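2 protein chains.
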Amino acid sequence: MIRLLLADDEVLIRGAMAALLDLEADICVVGEAADGETAVALAGRVRPDVAVLDLEMPPGDGIAAAEQLTIPVVLVTRHARPGVLRRALGAGVRGFVPKTTPASALAEIIRQVHGGRRYVDQDFAAYALSEQPCPLSPRERDVLRATRQGKPIKEIAAATHLAPGTVRNYLSTAIAKLAVNDRHAAARAAWEQGWI
Amino acid sequence: MIRLLLADDEVLIRGAMAALLDLEADICVVGEAADGETAVALAGRVRPDVAVLDLEMPPGDGIAAAEQLTIPVVLVTRHARPGVLRRALGAGVRGFVPKTTPASALAEIIRQVHGGRRYVDQDFAAYALSEQPCPLSPRERDVLRATRQGKPIKEIAAATHLAPGTVRNYLSTAIAKLAVNDRHAAARAAWEQGWI
DNA sequence: CGAAGCTGATGACATTTGTCAGTACCGGAC
DNA sequence: GTCCGGTACTGACAAATGTCATCAGCTTCG
């Protein structure tokens, strides 16, 4: 019997998944959480064999939670972004599937992961293989992350403890590297690639 | 027996919802679709009594599909945006619930809607009551929509058949009305309010 | 009818932003 | 040891952007 921990911020979906997976003869859901921190705390108490986490769970994402868990983790996500798969695998995630996966297939993936194997959705894998390595330096990613919140340069400078001119330089190089016209487009492009 | 049509672009969720709702004694799922257009086409063939649609289904949204359906519609959404509820009710939608609703509650809502009543989630309703009427003129909304795609002003002008100066004026008034610092923030704010 | 509001435009102006050149320090690779 | 890349800053310049005043035609509402 595989003891399963489920985490997703949407009750409708989490409940539905729990009900369906519980129907499988060899799987039982022993815990449910609405965010990553709760999931980690719960895992300490209920000792599940496998965790299924949603990638998008404010606050913080599923990768952060996966890093803190020692058990095999399957990440479920709505929209694929190439770089995210790489980060997820780096965090020790063993399964990576889109929400377009039927529940029966998910059960089979859980069994595989529990058996020590890995599973990555084919489309995601192809996507990731075509992926470029991130050309951005850590600081460039920092300012792009701040840009994504819609902040003006002065605020970005304050938030990152940099001079405004320095921020503009980083943004300028990032804009050039990403071949776009302004920092907003750069932030969007970097996000879509999963780089920030 | 209530004949139900389900539409959601995520198979995992749609399948799980279908399975759970089918367990209800008086509900049977007679059709599933992954987007609004398919849902409308399918409704013409299978003649459901009630449709449950996801609000976010590219291409087009659930409201567009709801407008074309003559049967009672329940919209399910991930994140509430105040203005969207108003638009949905204007389109004749009878139920409006977040994805944080348990499936059992959703079944009860489907029964209510089938019985001719309306159901709107309490939080959404409170949100909508606190809502400001949209202060933006149609043209202001146009340029904000274009801004949201990340276009520079010249392209917005070309796309809307306006002079660049005029576009800047509309953006300026929109920025002032929304009390933000630039057009990107304005576009984001307007979107979060459900105005564009 | 007049007032008000939306539309569409122009020109002037200040600010913000993106670009570029140049400087400096640090750490790792060859 | 030198070169390279990342970090951090400054100053200068041009382009994009936001603001404001002003105009005119049009519709709608009181």
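Protein chains in written order, with this note's numbering: chain A, 1242 to 1437; chain B, 1242 to 1437. Even glycine gets a Cβ: it sits at the ideal position worked out from N, Cα and C. Just so it is clear, the structure is predicted and the values come from calculations on it, not from any experiment.
Worksheet item: Under the DSSP definition of a beta bridge, which residues are partnered with A/R1244?
Response: For the purposes of this step, residue 1244 of chain A is identified with residue 3 of the first sequence, where counting begins at 1. Per DSSP, A/C1269.
Item to complete: Quick one: which unbroken alpha helix (DSSP H) runs of 4-plus residues sit fully inside the segment 1297-1330 of chain A? Chain order, please.
Response: The segment 1297-1330 of chain A contains these whole alpha helix (DSSP H) runs: 1303-1309.
Discussion item. For A/L1310 and A/V1281, what's the separation of their Cα atoms in angstroms?
Written reply: By one-based count along the first sequence, residue 1310 of chain A stands at place 69. By one-based count along the first sequence, residue 1281 of chain A stands at place 40. So the alpha carbons of these two residues sit roughly 7 Å apart.
Practice prompt. Determine the burial state of B/R1424: buried for a count of at least 16 other Cβ atoms within 10 Å of its Cβ, exposed for fewer.
Written response: For this step, residue 1424 of chain B is matched to residue 183 along the second sequence. By the neighbour-count criterion, in which a residue is buried when 16 or more other Cβ atoms sit within 10 angstroms of its Cβ, B/R1424 is buried.
Worksheet item: In whole angstroms, what is the alpha-carbon distance linking A/M1258 and B/Q1353?
Response: Residue numbering aside, residue 1258 of chain A sits at position 17 when the first sequence is read from its first letter. Residue numbering aside, residue 1353 of chain B sits at position 112 when the second sequence is read from its first letter. Roughly 25 Å between the two C-alpha positions.
Fill in: According to DSSP, residues forming a beta bridge with A/F1337
Within the first sequence, residue 1337 of chain A is the residue found at index 96, counting from 1. In the DSSP output, where bridge partners are listed per residue, A/F1337 has A/L1316 and A/V1361.
Worksheet item: Taking just the CA atoms, how far does A/G1285 sit from A/R1359?
Response: Along the first sequence, read from residue 1 onward, the residue named residue 1359 of chain A stands at position 118. Along the first sequence, read from residue 1 onward, the residue named residue 1285 of chain A stands at position 44. Their Cα atoms are separated by approximately 23 Å.
Fill in: First through last residue of the alpha helix (DSSP H) which encompasses B/D1383
On the second sequence, position 142 is the one that residue 1383 of chain B refers to. Looking at the DSSP string, the run of the alpha helix (DSSP H) that includes B/D1383 is P1379 to R1389.
Discussion item. Give me the chain A residues within the contact set of B/G1391, using Cβ-Cβ distance strictly less than 7 Å, ordered along the chain.
Written reply: As a position in the second sequence, residue 1391 of chain B is number 150, starting the count at 1. Those are H1425, A1426 and R1429, listed as they occur along chain A.
Item to complete: Under the assumption that B/I1416 contacts B/A1427 (Cβ atoms under 8 Å), give the Cβ distance between them as a whole number of angstroms.
Response: For the purposes of this step, residue 1416 of chain B is identified with residue 175 of the second sequence, where counting begins at 1. For the purposes of this step, residue 1427 of chain B is identified with residue 186 of the second sequence, where counting begins at 1. Right, their Cβ atoms sit about 5 Å apart.
Worksheet entry | Local Cβ density within 10 Å of A/V1315, reported as buried at 16 or more and exposed below that | Numbered from its first residue, the first sequence carries residue 1315 of chain A at position 74. Classification of A/V1315: buried, given that the 10 Å Cβ count is 16 or more.
Practice prompt. Output the distance between the C-alpha atoms of B/H1402 and A/E1265, rounded to the nearest integer angstrom.
Written response: Within the second sequence, residue 1402 of chain B is the residue found at index 161, counting from 1. Within the first sequence, residue 1265 of chain A is the residue found at index 24, counting from 1. Each residue's alpha carbon lies about 58 Å from the other.
Practice prompt. Compare the Cα-Cα distances from A/I1312 to each of A/R1244, A/R1327, A/E1381 and A/E1433 and report the closest residue.
Written response: Mapped onto the first sequence, residue 1312 of chain A falls at position 71. Of the listed residues, the one whose Cα sits closest to A/I1312 is A/R1244.
Practice prompt. Closer than 8 Å by beta-carbon distance: list the chain A residues that pair up with B/G1256, in chain order.
Written response: Residue mapping note: residue 1256 of chain B aligns to position 15 of the second sequence, counting from 1. Ordered by position in chain A, the residues that pass the 8 Å Cβ test against B/G1256 are L1261, P1343 and A1344.
Fill in: Cross-chain neighbours of A/E1278 in chain B, by beta carbon under 9 Å
Residue numbering aside, residue 1278 of chain A sits at position 37 when the first sequence is read from its first letter. In chain order: nothing, as chain B lies at least about 18 Å away.
Worksheet item: Looking only at DSSP bridge pairs, what is B/E1292 linked to?
Response: In the second sequence, the residue the question calls residue 1292 of chain B occupies position 51. Here residue 1292 of chain B is Ala; the residue named in the question, Glu, does not match the sequence. Per DSSP, the beta bridge partners of B/A1292 are B/L1246 and B/V1314.
Fill in: Collapsed DSSP secondary structure at A/A1274 in the structure displayed
Taking the first residue of the first sequence as 1, we reach residue 1274 of chain A at position 33. DSSP, read as helix, strand or coil, puts A/A1274 in strand.
Item to complete: Report the residues of the segment 1316-1332 of chain A with a CB closer than 9 Å to any CB of chain B, ordered along the chain.
Response: Correct list: V1317 and R1319.
Item to complete: Leaving out five residues on either side along the sequence, give the residues of the same chain with a beta carbon under 7 Å from the beta carbon of A/D1305.
Response: Taking the first sequence and counting its residues from 1, one reaches residue 1305 of chain A at position 64. First, the residue type needs correcting, since residue 1305 of chain A is Ala and not Asp in the sequence shown. Closer than 7 Å at the Cβ level, and outside the excluded window around A/A1305, lie G1277.
Worksheet item: Where does the unbroken alpha helix (DSSP H) through B/V1408 begin, and where does it stop?
Response: As a first step, residue 1408 of chain B must be located in the second sequence, where it is residue number 167. Start and end: P1405 to L1419.
Worksheet item: Does the segment 1323-1330 of chain A come close enough to the segment 1339-1352 of chain A that 3 or more CB-CB pairs lie under 8 Å?
Response: The segment 1339-1352 of chain A, when compared against the segment 1323-1330 of chain A, does not touch it at the 8 Å Cβ threshold.
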